[in-house]
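Residue numbers (our numbering): 385 to 645.
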């Protein structure tokens with residue numbers, strides 16, 4: 385009973401803090417929708433909303449609210465790409481940003497009232513899918529079927545460059561496991577890196593690599609949740625998997641496909 389009250393208290397605190405951030409971001413996003421070419425508004429909206437959706441995603445993971453987390457994670461990903469200069473925010477992206485803000489404003493009180501996010505499953509999934517499809521579609525594909533537009537060479541090159549950097553960062557983290565204590569923050573960062581890799585592989589149409597990244601991410605999430613590894617040196621398996629990804633990416637650049645060695 386006490387644990388249930390503590391859980392309700394954490395949810396209430398999460399909803400109150402998130403709604404405060406939503407209300408702070410909403411007028412900035414509204415101004416951006418009205419004037420999408422305003423260079424002074426765009427960076428502020430991007431930073432405010434990135435912090436908002438990143439915070440919601442992290443809290444939803446801790447509070448076991450997977451449906452609410454889905455559009456937050458998708459929008460965080462889009463805004464992260466925009467902040468990195470990989471994706472240029474278009475009016476379609478900005479419209480989805482406004483929709484995501486409105487969704488959170490309505491969904492958060494629902495979570496508080498019902499103590500779960502089950503009722504949000506369909507609408508949250510639909511919004512998350514629309515956001516992720518918009519990243520792949522690019523600025524010239526809004527009139528086409530989702531996901532059918534080929535990726536621009538410049539965007540593909542940016543994705544490949546970022547993917548290589550993510551692989552390098554993940555490998556370095558796993559190497560450190562031999563020398564330092566593994567704390568929850570480092571595991572969470574590795575989960576984030578593997579999640580980014582999984583999404584990049586999906587957008588690059590590297591299905592085998594996407595599945596491998598998803599498997600590694602799932603294993604780390606279970607470890608973060610209290611499960612134990614079934615081997616004495618799990619970092620060695622992770623490092624071999626990262627090396628296999630890097631080799632497969634190099635081979636696919638030359639010959640196409642993503643066959644794992």
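All residues carry an ideal CB built from backbone N, CA and C; glycine is no exception.
Asked, Found
"Closest Cα partner of residue 559 within the set 421, 591, 627, 598", "627"
"Segment limits, alpha helix (DSSP H) that includes residue 473", "Taken as a continuous stretch (DSSP letters only), residue 473 belongs to no alpha helix (DSSP H), as it is neither H nor E."
"Whole-number beta carbon distance between residue 557 and residue 570, since they are thought to touch under 8 Å", "7 Å"
"6 Å Cβ shell around residue 473 - same chain, five flanking residues per side excluded", "466"
"Host alpha helix (DSSP H) of residue 568 (start-end)", "568 to 587"
"Runs of beta strand (DSSP E) wholly within the segment 399 to 457 (minimum 3 residues, chain order)", "none"
"Same chain, Cβ closer than 7 Å to residue 611, five either side skipped, listed in chain order", "none"
"Helix, strand or coil at residue 624 [DSSP, three-state]", "helix"
"As assigned by DSSP and simplified to three states, the class of residue 617", "coil"
"Of the residues 403, 446, 479, the one placed nearest residue 572, counting alpha carbons only", "446"
"Residue 629 versus residue 438 - alpha carbon distance", "27 Å"
"Reference residue 581; option with closest CA among 397, 544, 605", "544"
"Cβ contact (3+ pairs, closer than 8 Å) linking the segment 417 to 427 and the segment 505 to 521", "no"
"Where residue 464 falls: helix, strand or coil (DSSP)", "helix"
"Residue-level contact to chain C via CB, residue 391, 8 Å cutoff", "No chain C appears in the structure shown, which is made up of a single protein chain."
"Pairwise C-alpha distance: residue 436 and residue 407", "10 Å"
"Residue range of the unbroken alpha helix (DSSP H) whose run includes residue 598", "591 to 608"
"Among 634, 470, 604, nearest to residue 621 - alpha-carbon criterion", "604"
"From 483, 625, 394, 589, residue whose alpha carbon lies closest to that of residue 664", "The structure shown does not extend to residue 664, since the chain spans only 385 to 645, so no value can be given for it."
"6 Å CB neighbourhood of residue 541 in its chain, flanking five on each side removed", "none"
"Exposure label - residue 455; buried when at least 16 CB within 10 Å", "buried"
"Outcome for residue 501 when other beta-carbon atoms lying within 10 angstroms are tallied against a minimum of 16", "buried"
"Residue 514, DSSP secondary structure in three states", "helix"
"Cβ-based burial, residue 564 [other Cβ within 10 Å; buried from 16]", "exposed"
"Alpha-carbon spacing of residue 470 relative to residue 482, whole angstroms", "21 Å"
"Beta-carbon spacing of residue 462, residue 519 below 8 Å", "yes"
"Inter-residue Cα distance where the pair is residue 505 and residue 453", "10 Å"
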